[in-house]
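Scroll down for the structure; my scribbles are underneath it.
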Amino acid sequence: MNQNETPLLDTLLHHVERAPVQFHIPGHKHGRGMDQRFRDFVGDKALSLDLINIAPLDDLHHPTGPIKRAQELAALAFGADYTYFSVQGTSTAIMAMILSTVRPGDKILVPRNVHKSVLTAIILADANPIFLHPELDTNFGIAHGLSVECVAEALALHPDVRALVVINPTYFGISADLTRLVDLAHSYGVPVLVDEAHGVHTGFHSELPLSAMQAGADMAATSVHKLGGSMTGSSVLNVREGMIDPRHVQVVMSMLTTTSTSYLLLASLDVARKELAEHGHEHISYALGLALAAREKINQIPGLTCLDETCLDSSAAFALDPTKLTVSVKDLGLTGYDVERILRENYNIEVELSDLYNILCIVSWGDTEADMDVLVSALAEIAEAYRDRHGRREVTVKLPAMPELTMSPRSAFYAKTQVVPLHAAIGRIMAEMVMVYPPGIPILMPGEVVTQVSIDYIEENLRAGLPVQGPDDPEIRYIKVVQDGC
C-alpha cells in the first residue's frame, strides 16, 4: 500500500467535479438552501463535500470501496490489523471497544480515572467493573496510570475478568509501562483495551511513549482529531486480531454509529493518516522542540512548575509526552481556573483545561514559535502580577476519593430514585454521574456511596468556577440517589 494515497478524498473530489443533480439529503444542496452568512464563512467547497452515503461514495457501515481502502491504509499506518473510522469521536469508539468485548455480568478491570464514555459502556453492557487505583500525584493533584503491581494483584484476585482497560497516555501525557501491562494481562488470557484518546501521534516518533498497537494491545480507541490533524469528532478504533474478533467489533461499531455519516470528517481522517504516515516524524519533532523550549522557560518563572520527567518515578508514570504542558500555578495563590480566565480575558489565550491547581496547554505542529512566546510571556506577566502571593500560604493538594461501589452501575442508573439535596446524600447510593468536564472523569458515578469527602471535592470545584456537570440539576444543588429498598 502507498501511504501517499487518499482514496476517499479523491473519490469525493471526483464526485464533486461530476456535479450530479442531487435528489438526496442533505437538504441544503451544496449550501444553496442554507443561511447565507454561514455559507459565506464556511465556503461552497466545504459544503460540496457535505454528502451522504450514496453508492459512489461507499458506506461506512458496510465499506467495500474508498472507505474500505482508507481504513486499510490507516490500519497499516497505525500498526493494527483492522482500523474502523468514527465520526462520533473517541467516545463512540471506546463504547464500541467495551461493548464488543464484555457481556452482562462480566468483570472488567478499570482504572477509576477513566473517561465517562467507559462508564457509559459499562452501564449499557451491564458489566461488573473492578475499579483499580491509579497512581496519584500529590504535587500536581492529578492521577497517572496503573502500576504493573496494581494490575498483577487485581488479575490474581479476579482471574475470571473479561478485559483490562488502560489509559495511555493520560490527558496530562503520562503513560504507564504498557508493554508489561499487556504481557501480564495476556498471560491470564485477558485482552487489553486502551483509551488512546490523547496518543494518536505516539506511534510516529521514537521520543514519545509507545502507542497501544506498538505495545501489543488488542484494541485502542484513538482520537485523530486531538493531535493528529483531522477535524473535530473524527477518530479511529484500532484492532489486533487474536483475542478479539474484528468482525464483531465492526458490527457493534455500526450499531452505535449514525447512518448519516459525515464525509467531511471521514475525508479529514483519510488525509490526516497520510500526513502522519509520510511526515509525522518531522511534524512531531517540530512540536517537541516548541514544547521543550517552552517547558524550560516556564520552569524558570517564579511560582510556576511544569510537569516533566522528574515525575516519572514508578511503572505507573513510565513515560511522558512532552507536547502536553501541565503547569502548576498553585504557588501563585491562584487556581488553575483563575489563570485560565486571566489568560482568556487579558491575553486572548485559550488553554485545553484547568483544574484546582493547574492549566494544561497542548502543543502540536500547528503551533508556531510566536504562539509559544505569547504563552510564556503571558504566564510570566501573571506570575509577576501575583508575586506578593508567592509562598504566602501552603496549598494542600486534594485529590478525588475512590468511593465504594456497592451496586452495579446499570442497576443504580435504572433504579427508582429520589432527588435529595447534595449534603443529604451522604451514605446514599448515587444514581447519576458528577464530573468536571474536561477531563470528564466522574467524581461520583451510579452505584457508588456518596461520602462527605466527595461532596467537599465537588463543592471546592464549584467554588473555583470549574465546569462541574452530569446530574439532572445543572447547579448541582440536588442529586439523584437510589430510593431506599431498591
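Everything in the sequence shown is counted per my numbering, starting at 7 for the first residue and increasing by one. Note that the Cβ used here is the ideal one computed from N, Cα and C, for glycine as well.
#1: Throw me the rounded Cβ distance for the residue 331 and residue 369 pair, which I believe falls under 8 Å.
#2: For the putative contact between residue 136 and residue 167, defined by C-beta atoms under 8 Å, what is the C-beta separation to the nearest angstrom?
#3: Along the chain, where does the alpha helix (DSSP H) that runs through residue 29 open and close?
#4: Alpha carbon to alpha carbon, what distance is there between residue 253 and residue 364?
#5: Alpha carbon to alpha carbon, what distance is there between residue 93 and residue 240?
#6: Give me, in chain order, the residues of the same chain whose beta-carbon lies closer than 6 Å to that of residue 235; leave out the 5 immediate sequence neighbours on both sides.
#7: Determine the burial state of residue 247: buried for a count of at least 16 other Cβ atoms within 10 Å of its Cβ, exposed for fewer.
#8: Using CA coordinates, which residue listed in 458, 139 and 336 is at the minimum distance from residue 402?
#9: Which of helix, strand or coil does DSSP assign to residue 456?
#10: Which residue wins for smallest C-alpha separation from residue 350, given the options 68, 385 and 258?
#11: Would the stretch 291 to 304 count as touching the stretch 93 to 109 if we require 3 or more Cβ pairs under 8 Å?
#12: Using CA coordinates, which residue listed in 423, 263 and 467 is at the minimum distance from residue 490?
#13: Nearest to residue 188 by alpha carbon, out of 222, 181 and 429?
#14: Quick one: grab the DSSP three-state call for residue 103.
#15: Taking 8 Å as the threshold (C-beta atoms), are residue 357 and residue 436 in contact?
#16: Can you grab the Cα-Cα spacing for the pair residue 193 / residue 249, in whole Å?
#17: Taking Cβ positions, are residue 482 and residue 468 nearer each other than 8 Å?
#18: According to DSSP, simplified to helix, strand and coil, what is residue 291?
#19: Can you grab the Cα-Cα spacing for the pair residue 216 / residue 180, in whole Å?
#20: Compute the Euclidean distance between the alpha carbons of residue 298 and residue 24, then round it to the nearest angstrom.
#21: Buried or exposed, going by whether 16 or more other CB atoms sit within 10 Å of the CB of residue 261?
#22: Just to check my reading of the structure: residue 175 and residue 327 have Cβ atoms closer than 8 Å, yes? What is that Cβ distance to the nearest angstrom?
#23: Any idea if residue 31 is buried or exposed, counting beta-carbon neighbours within 10 angstroms, 16 or more meaning buried?
#24: Whose C-beta lies closer than 7 Å to the C-beta of residue 230 among residues of the same chain, with five residues either side of it excluded?
#25: Under the DSSP definition of a beta bridge, which residues are partnered with residue 424?
#26: Would you call residue 354 buried or exposed, if buried means 16 or more other Cβ atoms sit within 10 Å of its Cβ?
#27: Buried or exposed: which applies to residue 451, given that a residue is buried once 16 or more other Cβ atoms fall within 10 Å of its Cβ?
#28: How long is the line joining the alpha carbons of residue 271 and residue 131, rounded to whole angstroms?
#29: Are the stretch 471 to 478 and the stretch 437 to 449 touching by the rule of at least three beta carbon pairs closer than 8 Å?
#30: With a Cβ-Cβ cutoff of 8 Å, do residue 67 and residue 265 count as a contact?
#31: Out of 11, 258, 159 and 202, point me to the one whose CA is closest to residue 184's CA.
#32: Below 8 Å between beta carbons: does that hold for residue 134 and residue 113?
#33: Taking Cβ to Cβ, would you say residue 407 is nearer than 8 Å to residue 459?
#34: What is the C-beta distance between residue 157 and residue 170, in whole angstroms, given that I count them as a contact (C-beta under 8 Å)?
#35: Using 8 Å as the threshold, is the C-beta distance between residue 115 and residue 83 below it?
By the coordinates alone:
#1: 6 Å
#2: 7 Å
#3: Unbroken run through residue 29: none, as it is neither H nor E.
#4: 42 Å
#5: 5 Å
#6: Close CB contacts of residue 235 within its chain, under the 6 Å cut and outside five residues either way in sequence, are with 278 and 281 (chain order).
#7: exposed
#8: 336
#9: coil
#10: 385
#11: Contact between the stretch 291 to 304 and the stretch 93 to 109 is absent, because fewer than three Cβ pairs lie under 8 Å.
#12: 423
#13: 222
#14: In the structure shown, residue 103 sits in a helix (DSSP, three-state: H, G or I).
#15: no
#16: 12 Å
#17: yes
#18: helix
#19: 11 Å
#20: Straight-line Cα distance between these residues: approximately 48 Å.
#21: Exposed: under 16 other Cβ atoms inside 10 Å.
#22: 5 Å
#23: Within a 10 Å sphere around the beta-carbon of residue 31 sit fewer than 16 other beta-carbons, which makes this residue exposed.
#24: Once the five neighbours on either side are set aside, the close Cβ partners of residue 230 are 206, 236, 240, 241, 242, 275 and 278.
#25: 487
#26: exposed
#27: buried
#28: 28 Å
#29: yes
#30: yes
#31: 202
#32: yes
#33: yes
#34: 7 Å
#35: no
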